[in-house]
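Peer 1:
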Amino acid sequence: MAVLVIASFLIAYCCGRYSRDGSSLAGSESGKRRSSYSGVKRRVYANNGSLMEITRGFNLANQAPQVSASDKTIEKAEEEKAVTSSWIEAVFPETARPYAYLVRLDNPTGTFLFAWPCLWSLAFTANPGSLPDMKMLAFFFLVSFMSRNIACTINDYFDKDFDAQVERTKGRPLASGAITGFQALCFLGIQVLLGYGIFLPINELSRILWVSSLPLIFTYPLMKRITYWPQAHLGLTANWGALYSWAAVKGSLDPAIVFPVLVACFFWTLEVDTIYAHQDKEDDVKVGVKSTALLLGDSTKLWTTGFGVASIASLALAGFNAHIGWPFFVLLAAASGQIAWQIWDVDLSNPADCFRKFASNRYFGAIVFSAILFGRLLS
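Residue numbering for the sequence shown is 6 to 384, as defined by this note's numbering.
1) My guess is that A2 and T279 are in contact by the Cβ rule of under 8 Å, so how many angstroms apart are they, rounded?
2) Applying the 10 Å Cβ sphere with the 16-neighbour rule, what's the burial state of E276?
3) Under a Cβ-count criterion, where at least 16 other Cβ atoms within 10 Å of its own Cβ denotes burial, should S217 be classed as buried or exposed?
4) Compare the beta carbon distance of F312 and F272 with 8 Å and say whether it is the shorter of the two.
5) Would you mind working out which of A183, M228, T274 and N208 sits nearest W251, comparing C-alpha positions?
6) Tell whether a beta-carbon distance below 8 Å holds between V108 and C157.
7) To the nearest angstrom, how far is it from the Cα of K140 to the Cα of A131?
8) Kindly list the residues whose CB is nearer than 7 Å to the CB of A237, restricted to its own chain and excluding five residues on each side of it in sequence; keep chain order.
9) Between which two residues does the alpha helix (DSSP H) holding V292 run?
10) Let me know the secondary structure DSSP gives A101 once reduced to three states.
11) Tell me which same chain residues have a C-beta within less than 6 Å of the C-beta of R153, skipping the five on either side of it?
12) In whole angstroms, give me the CA-to-CA distance for R212 and F145.
13) Out of curiosity, what's the CA-to-CA distance linking F333 and E287?
14) Starting from H238, follow the alpha helix (DSSP H) in both directions and report where the run begins and ends.
15) Pick helix, strand or coil for R109, following the three-state DSSP scheme.
16) So what does DSSP say about A180, is it helix, strand or coil?
17) What separation, rounded to the nearest whole angstrom, lies between the Cα atoms of S55 and I262?
18) Thinking C-beta only, is A143 closer than 8 Å to F374?
19) For E172, which of helix, strand or coil comes out of DSSP?
20) What would DSSP say about K306, mapped onto helix, strand or coil?
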């Protein structure tokens, strides 16, 4: 968190502050866009499960935070602040807030999806009867946080024109004009340098594997334009950490364990992100963005069931090859139940429910991590 705050301040002051008269590095036209209002639209899920949409942003004319609600009153929106990103307005100065939204600090689910493959691999590296290295677990959670931030920044940079036409994403900082493309690229450069810097104490193989993940991260947004399987590319992008986290501890890769873990993560991402993509399928058709949600359509639940089975089977193979204890397989059965619930309970026509099922994968990851942990302890 401290790293991101420092980076945000550096960008804010190096690439130009927002001004009341709308002047900026982007020129007068984009300045005018920002001079009145720079908003970040958010879908908010109330405690009763209903979907509401609010716009949080910054009125640059009077420096006052703005909140509007489309289907509910402003008072109701204020009551639901606890489940939104209101803490960002409280913690970050105005110039840094768009960068916090850019890297999705208000939605940590993506960080967990980047982190769990690392943590699963690290749990497998533990010796029988032992816990994994706690410092390594903390370190690779930070690495996952940084990698996900980089992914969000480059994704929004490439997709800003598409995002401006999609209801769920049109309030993102780049799409709304809250920050410029140049500012985002400067911010991206700082994030990459920080990411590489924190890897310097780690062995060379792990460092090389992390660097090799960057081309995957940078090209993922382009896949939506050329294939209906961008989720397959994301399956490698988000889960490459299974390799470099293992290498950080062992200094090499054990194909019998780490590759089944990577395959499991790959199919897990296919399942997760296909459900996630159903949120935007109507807008995606209009703007020409491709996804497995559009490709699979009414067959989505059948296909995602197959992805889930492949993921669980690959995890079971990794556990078998690692000679792990029986608790692993008991808890893996529980994880199977969780993923089956996601797939067969989700209402693919309801964006709110798609997001809820997507967000529930942090718990799936925790169950699998616990399975490996207890399996190692009782090996």
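The beta carbon of each residue, even a glycine, is placed where N, CA and C say it ideally should be. Computed from a predicted model, the values in this text were never measured in an experiment.
Peer 2: The relevant details are as follows:
1) Residue 2 lies beyond the stretch modelled for the chain, which goes from 6 to 384, so this question has no answer here.
2) Along the sequence shown, read from residue 1 onward, the residue named residue 276 stands at position 271. Buried: at least 16 other Cβ atoms inside 10 Å.
3) Against the sequence shown, residue 217 aligns to sequence position 212. Classification of S217: exposed, given that the 10 Å Cβ count is below 16.
4) One-based indexing of the sequence shown puts residue 312 at position 307. One-based indexing of the sequence shown puts residue 272 at position 267. Against a cut-off of 8 Å, the Cβ pair of F272 and F312 comes out as a contact.
5) By one-based count along the sequence shown, residue 251 stands at place 246. Closest by alpha carbon: N208.
6) Within the sequence shown, residue 108 is the residue found at index 103, counting from 1. Within the sequence shown, residue 157 is the residue found at index 152, counting from 1. Yes; because the gap between Cβ atoms is below 8 Å, this pair is in contact.
7) Your numbering for residue 140 matches position 135 in the sequence shown. Your numbering for residue 131 matches position 126 in the sequence shown. K140 and A131 have their C-alpha atoms some 13 Å from each other.
8) The residue you call residue 237 lines up with position 232 of the sequence shown. Closer than 7 Å at Cβ, skipping near neighbours: L275.
9) Taking the first residue of the sequence shown as position 1, residue 292 is located at position 287. Counting along the chain, the alpha helix (DSSP H) containing V292 begins and ends at K286 to V292.
10) Here residue 101 refers to the residue found at position 96 when the sequence shown is read from its first residue. Three-state result, A101: coil.
11) On the sequence shown, residue 153 is found 148 positions in, with the first residue counted as 1. Same-chain partners within the cutoff: G115, T116 and F119.
12) Residue 212 sits at position 207 when you count from the first residue of the sequence shown. Residue 145 sits at position 140 when you count from the first residue of the sequence shown. Those two C-alpha atoms are separated by around 12 Å.
13) In the sequence shown, the residue the question calls residue 333 occupies position 328. In the sequence shown, the residue the question calls residue 287 occupies position 282. Counting only the Cα atoms, E287 lies some 41 Å from F333.
14) For the purposes of this step, residue 238 is identified with residue 233 of the sequence shown, where counting begins at 1. Unbroken alpha helix (DSSP H) run through H238: P235 to T242.
15) Along the sequence shown, one-based indexing puts residue 109 at 104. R109 carries a coil assignment under DSSP once its states are collapsed to helix, strand and coil.
16) One-based indexing of the sequence shown puts residue 180 at position 175. Residue state, collapsed to three classes: helix.
17) As a first step, residue 55 must be located in the sequence shown, where it is residue number 50. As a first step, residue 262 must be located in the sequence shown, where it is residue number 257. The pLDDT assigned to S55 is 36, lower than 50, so where the model puts this residue is not dependable, and the model offers no usable value.
18) For the purposes of this step, residue 374 is taken as the residue at position 369 of the sequence shown. For the purposes of this step, residue 143 is taken as the residue at position 138 of the sequence shown. No. Outside cutoff.
19) Here residue 172 refers to the residue found at position 167 when the sequence shown is read from its first residue. Coil at E172, not helix or strand.
20) In the sequence shown, the residue the question calls residue 306 occupies position 301. Helix at K306.
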